[in-house]
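Quick note, the sequences are listed as chains W and F, same order.
Convert by adding 61 to the 1-based position in the first sequence; the result is the number in our numbering.
Convert by adding 6 to the 1-based position in the second sequence; the result is the number in our numbering.
Below is one structure, written out as structure tokens; comments come after it.
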Amino acid sequence: MQVTISMLQSGDELISSQGKVYRVIALLGSGGQGEVYEVESEGKHYALKWYHEHMATLRQREIIEKLVENGSPDIRFLWPMDRINGKRTFGYIMALRPNRYKSIVDLMKRKAEPSFWALCTAGYELADCFQKLHSLGYSYCDISFGNAFLDPERGEVLICDNDNVVVTGLSKSGVEGTLGFMAPEIVMGKTGPKAETDLYSLAILLFYMFMLHHPLEGAREADIKCFDAVAKQEIYGRTPLFIWDPQDKSNRPIAGYQENAIIYWNLYPKFIKDLFITAFTEGLHNPNRRIVENQWKRAFIRLRNSILQCPSCGVENFYRESDQIGAGNICWCCNKNINKPPSIQIGSTFVVLGKETELLAHHLYDNFDMQTVIAKVSQHPKDPTKWGLNNVTDKEWIWIKPDGTKSAVLPDKNAPLLKGSRIDFGGVEGQF
Amino acid sequence: MYGNKVHIKDWKAIGESVQGASHLRSGKPCQDALLLESLEGQKLLCALADGHGSERCKYSKDGAELGVKVIHWFWEELLKSHSDLFLYEFLSQTKDIDLPKALEKEWKQAVKAFHQKSGRQEAESDQELWTWYGSTLLFILVTKQLVFAMQLGDGDILAVFEGGETSWLLPYEKQYGTETYSLCQKNAWQYFRSFLAPLSYYTTRPQLFLLSTDGYANSFISSEGFLQIGEDYLKLLKQKSSLYLESHLREWLEEATRCGSGDDITVAVIYTTELEKGGC
């Protein structure tokens, strides 16, 4: 049995407010507020967050009670589900985070290397999670890289440490947030965390995920020491300045020291950069100009729609359907030209059709239904140079050739990817 | 306080550094560095660095010295602006990214400044310069309220509990051959590992921490054999005395390098003063 520097040890037993007995298996980690253990009860394994004594406040206990009572908004939240009271502290039970989920710190340290497809999915999912939370009247209050996890293969996300979530405007959270993620108005002590400040923290988290760098850490940060609290307050609170501010270039990232910020910024299409520019220029000081979840969701779907593999070297690129002027797209890795890929235009939605592309209900109906698959790209079984779109719905489509002739595409049948042809999906039309 | 022996209210530490037996034969100096320090009389800081010693790393002895000096400067500065009350929160927020980035930056700047002053031959690139000074680094800070440790590259930090149970404070990282993470590499911050735990009345605390450069662990046949030293040192402190440990540590380490790895060995033993009272 391994002994650990912790409040509980393996084998300790605790009884919850629901009368269940939980046995401590192992310490999983220690954070600012408490320790997290793997525990077992009736053959099932859970996680237990056990507060440091000085963090076990009455207010925190009330928040937990309320969260357990209200229940989880969504399975993506590792929500408090049972409470345990100790002599001088307390804790709560939540689901265990499966090992396939990695932290944003793992991403930063390159211990997890998601594809751009998975990253776009994770960006969408994160925005969707916080939209759900906010729509229920909650504020998360401490969005930071310790609290969001993603599956680098599929882009699925989990939100941990939900014990600071409070009903917006009705109660005060036990935390102010994490420096670097806190909105400037919180850093300056003008307000506490709320939904508007969550939006700021979400933008920081997304920037970190996509650029592997902090949006305010440029030349100014390079000059300070990490423990200089006054200088940090300047950067994050008093005079924050986006590293890619189009008007003020004085905080640009330093080559050789802040490489990621430069490399990744140049990889993304203009529409994504524009959103980050708004988030970290107007949105720095005006909470009403912060990017809301739907904007992020649309942007990450659009970004994911544009992913293609470079025909020369095979790495993922973002096809810039509107940025291109003359020369077209150049692969960021091998610098070779990328010709316009097979694609479908459905209203204003442009989707690159790669060999594993799926068209989802959202692509047709703009309804954020990312689960219902409508069509899959398919390869002709006898002639691999021919590609089609497989109808995976139970409804008939109509395929309209460039000359106007029509033919039916029955369920499980394929419409050839013929340039200039169209598909009537049933009220919605797409053109190859 | 600064030296091979320090103490604060509840903890004491003894450290020793010996030249590797093979280094002695080939006339190479000891390339390990050791820092033992009491900060504000209430915090015990211990840092070890192991210069790589290869031909490519020709100034790694200085690199190791600069490694432990950076730790000294770093904590001195940090404690000026962060009270005990906020230290834990600060460390928990910065230990994964900001702090290791700062340590990498400080060491590389220190190396540049030291090299310029030394009048040594100029390197063709920054990377070449840092490689000349390549070193590992590990440290622990023990206070009344918390234990904090960080490590880059090989070496060991062990926690030894009341019953002699011994484990690595930071997850054991298997590396192959003689390769190790180093302060000199690009993005070195990504390879730092850290441990942070608050200490409250209810926390199970170790009786002893043992820090060593890899020359010590490599002197043992197996990792199990190496872990056994935790219980051995604990028994020794309980049954004999810290004076006994102090007077014999050097000869034990010399024997270890002679009969074992042949490498330089640096060890720091940090123990609770309860042990001196014959307690536990």
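Glycine included, each C-beta is placed from N, C-alpha and C at the ideal position.
{"Query": "Proximal residues, the stretch 113-127 of chain F versus chain W, C-beta separation under 7 Å", "Result": "none"}
{"Query": "Length of the line joining the Cα atoms of Gln99 (chain F) and Cys265 (chain F)", "Result": "44 Å"}
{"Query": "Continuous alpha helix (DSSP H) stretch holding Gln115 (chain F): start and end", "Result": "104-124"}
{"Query": "Chain W contact for Ile77 (chain F) (CB, 8 Å cutoff)", "Result": "no"}
{"Query": "Residue from F:Asp38, F:Ser131, F:His13 whose Cα sits closest to the Cα of Leu143 (chain F)", "Result": "F:Asp38"}
{"Query": "Residue burial classification, Arg350 (chain W) (beta-carbon count within 10 angstroms, cutoff 16)", "Result": "exposed"}
{"Query": "Neighbour list for Asp102 (chain F) in chain W, Cβ cutoff strictly below 9 Å", "Result": "Ser164, Val166, Met169, Lys170, Phe206, Gly207"}
{"Query": "Cβ-Cβ separation, Tyr250 (chain F) to Met68 (chain W) (assumed contact under 8 Å), whole Å", "Result": "Met68 (chain W) to Tyr250 (chain F), Cβ: 34 Å. No contact."}
{"Query": "Length of the line joining the Cα atoms of Ser439 (chain W) and Ser404 (chain W)", "Result": "13 Å"}
{"Query": "Closest by C-alpha distance to Ser367 (chain W), when choosing among W:Ile352, W:Thr342, W:Lys401", "Result": "W:Lys401"}
{"Query": "Residues sharing a beta bridge with Met155 (chain W), DSSP", "Result": "W:Ala108"}
{"Query": "Identified DSSP bridge partners for Gln157 (chain F)", "Result": "F:Leu144, F:Arg199"}
{"Query": "Short CB-CB distance (under 8 Å) between Gln196 (chain F) and chain W", "Result": "yes"}
{"Query": "Ranges of the beta strand (DSSP E) found wholly within the stretch 11-81 of chain F, counting only runs of at least 3", "Result": "11-13, 17-24, 38-45, 49-56"}
{"Query": "Close beta carbons around Ala244 (chain W), own chain, < 6 Å, minus the five adjacent residues each side", "Result": "Thr258, Tyr261"}
{"Query": "Beta carbon of Val273 (chain F) nearer than 8 Å to that of Gln213 (chain F)", "Result": "no"}
{"Query": "Neighbour flag for Lys11 (chain F) against chain W, beta carbons, 8 Å", "Result": "no"}
{"Query": "Buried versus exposed call for Glu43 (chain F) [16 or more other C-beta atoms within 10 Å across all chains shown]", "Result": "buried"}
{"Query": "Tyr325 (chain W) - partner residues in DSSP beta bridges", "Result": "Tyr325 (chain W) pairs with nothing; no bridge assigned."}
{"Query": "Limits of the alpha helix (DSSP H) - the one that Asp259 (chain W) falls within", "Result": "256-272"}
{"Query": "Met68 (chain W): contacting residues in chain F (beta-carbon distance under 8 Å)", "Result": "Ser206, Tyr208, Thr209, Thr210"}
{"Query": "Reduced DSSP category for Met7 (chain F) - H, G, I as helix; E, B as strand; rest coil", "Result": "Model confidence at Met7 (chain F) stands at a pLDDT of 40, short of 50, so the residue's coordinates are unreliable; what they give is reported in the following sentence. Residue state, collapsed to three classes: coil."}
{"Query": "Residue-level contact to chain F via CB, Gln385 (chain W), 8 Å cutoff", "Result": "Confidence in Gln385 (chain W) is poor, its pLDDT being 49 and thus under 50, which makes the residue's placement too unreliable to answer from."}
{"Query": "Ser196 (chain W), buried or exposed, once every other Cβ within 10 Å from all chains shown has been counted against 16", "Result": "exposed"}
{"Query": "Continuous beta strand (DSSP E) stretch holding Tyr277 (chain F): start and end", "Result": "271-278"}
{"Query": "Any C-beta of chain F under 8 Å from that of Gln63 (chain W)", "Result": "yes"}
{"Query": "Contact set between Thr239 (chain W) and chain F, taken where Cβ atoms lie within less than 8 Å", "Result": "Gln99"}
{"Query": "The stretch 13-24 of chain F / the stretch 461-470 of chain W touching (three or more Cβ pairs under 8 Å)", "Result": "no"}
{"Query": "Check whether Asp430 (chain W) and Leu421 (chain W) have beta carbons under 8 Å apart", "Result": "yes"}
{"Query": "Ala209 (chain W) (DSSP reduced to helix, strand or coil)", "Result": "strand"}
{"Query": "Alpha-carbon to alpha-carbon, Ala340 (chain W) and Gln63 (chain W)", "Result": "47 Å"}
{"Query": "Segments of 4+ residues assigned as alpha helix (DSSP H) that fall wholly inside the stretch 391-447 of chain W", "Result": "422-426"}
{"Query": "Cα-Cα separation between Pro134 (chain W) and Val24 (chain F), rounded to whole angstroms", "Result": "60 Å"}
{"Query": "Residue-level contact to chain F via CB, Ser262 (chain W), 8 Å cutoff", "Result": "no"}
{"Query": "Coarse secondary structure for Trp258 (chain F), derived from DSSP in three states", "Result": "helix"}
{"Query": "Distance, Lys437 (chain W) Cα to Lys107 (chain F) Cα", "Result": "45 Å"}
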